[in-house]
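Take the sequence shown: its letters are residues 254 to 509, numbered as in the working numbering. Note sheet for the following structure.
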Amino acid sequence: FSSRRRHTRCSRDWSSDVCSSDLDAAFVARDEVREFLAPIIAERKENPGDDLISQLLKAEYDGEPLPDDEVAAAVIFLLTAGVETTERVLTSTMRYLALNPEAWEEAVSRRDDPIALSALSAEALRMFPPVNGLVRSAHGDQEVGGTVVKHDVRVVPLLVSGNRDESMFSDPHRFDPNRFSDNPTRQFGSAGEILPFGAGPHHCTGSRLAEVEMVHAFEKLFKRVKRLIPDGELPPSHGFILHSPPSLPVILEPRN
């Protein structure tokens, strides 16, 4: 985005606050983003382009254009959804690579191959999904794994468990960057076997964005950093639904 207004905070700050448990901070961040977006939305109304905001302004619901508040809300949602989850899986993957130098060297050796980086990203999402589970309600009485689930009962399917299903993946507890090398992009669509984006009609619409973000992040990091050196003991992942290490204290050794 570009704007004539200047803010002392960046999109990363806004994303963190909107997703935080501090409601006051979340509402302040929301209002700051709305203020930031207001002149951009006005400009796109006058000079639409092929960007997301222009497309949202062209959209209609029940024959009426989306209100500016709805457009801003959609952008805020994408800001948080496109940052926090990707950040979490990248942090988990970097922790693994920092603790496994051979895996780091293998990954770095493919820094110029976008297909290999996409395959690495897909395997990272299988092993370290940022969202461990989802909350759903049963539409009718069903039997799942020998257990009867009654109509309207809320259930929490664990995506992380499905990602390590032995009937779907060979040696499922091993991190294998070549697992999806034949067609890694498939794993970022609704036909993929991995489940970090959900499945069926609830498949995440941001899955392709996640692929672009992860491939870009791995490429830039591997080209600039020779080694990740743990700076003390690296904290483990935690969290039930959202899951990742809380921080990643490492030393970056630059590539000459």
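Where is the CB? At the ideal position from N, CA and C, for every residue including glycine.
Coarse secondary structure for residue i, derived from DSSP in three states
| i | result |
| --- | --- |
| SER371 | helix |
| THR458 | coil |
| GLY386 | strand |
| LYS473 | helix |
| ARG258 | In this predicted model, ARG258 has a pLDDT of only 44, less than 50, meaning its place in the structure is not dependable enough to derive any value. |
| ARG341 | helix |
| ILE293 | helix |
| LYS403 | coil |
| GLU313 | strand |
| GLU506 | strand |
| ARG363 | coil |
Distance between residue j and residue i (C-alpha atoms, nearest Å)
| i | j | result |
| --- | --- | --- |
| ARG283 | GLN308 | 21 Å |
| PRO365 | ALA377 | With the sequence shown as reference, residue 365 is identified as Asp, and Pro is not the correct amino acid for it. Using only the alpha carbons, I get a separation of about 18 Å. |
| ARG287 | ASN431 | 43 Å |
| LYS311 | ALA279 | 28 Å |
| ASP322 | MET467 | 30 Å |
| ALA291 | ALA369 | 40 Å |
| ALA325 | ALA470 | 26 Å |
| GLU446 | GLU299 | 43 Å |
| SER443 | GLY453 | 7 Å |
| ARG379 | ILE294 | 37 Å |
| VAL406 | VAL281 | 35 Å |
| SER423 | ASP435 | 15 Å |
| LEU474 | GLU355 | 17 Å |
| TRP267 | GLN395 | 41 Å |
| GLY492 | LEU343 | 16 Å |
| ASP484 | SER500 | 11 Å |
| SER390 | VAL401 | 13 Å |
| GLY302 | ASP275 | 36 Å |
C-beta contact flag for residue i and residue j at 8 Å
| i | j | result |
| --- | --- | --- |
| SER345 | PHE289 | no |
| ALA375 | PHE428 | no |
| ARG439 | PRO383 | no |
| LEU387 | PRO410 | yes |
| ASN353 | ILE494 | no |
Own chain residues within Cβ distance below 6 Å of residue i, not counting five before or after
| i | result |
| --- | --- |
| LEU448 | LEU412, GLY415 and ASN416 |
| LEU505 | VAL478 |
Candidates the options, of which the one nearest residue i by Cα
| i | options | result |
| --- | --- | --- |
| SER478 | ALA351, ASP315, SER264 and ASP277 | Ser is not the amino acid found at residue 478; the sequence shown has Val there. Out of ALA351, ASP315, SER264 and ASP277, ALA351 has the C-alpha closest to the C-alpha of VAL478. |
| SER264 | ASP484, GLU296, ALA334 and ARG379 | ALA334 |
| HIS392 | ARG379, VAL408, ASN385 and PRO383 | VAL408 |
| PRO498 | LEU387, ARG461, LYS403 and GLU337 | GLU337 |
| VAL271 | ASP315, LEU332 and ASP424 | LEU332 |
| LYS486 | VAL503, HIS496 and ARG480 | Note that residue 486 corresponds to Glu in the displayed sequence, not to Lys. Of the listed residues, the one whose Cα sits closest to GLU486 is VAL503. |
| PRO437 | ILE482, SER371, TRP357 and GLY451 | SER371 |
7 Å Cβ shell around residue i - same chain, five flanking residues per side excluded
| i | result |
| --- | --- |
| ARG461 | PHE441 |
| ILE194 | Given that the chain is displayed from residue 254 to residue 509, the structure contains no residue 194 and the question cannot be resolved. |
| SER256 | Low local confidence applies: a pLDDT of 40 at SER256 is under 50, so the model's placement there is unreliable, with the coordinate-based value given in what follows. Within the same chain, SER256 has close Cβ partners PHE289, PRO292 and ILE293. |
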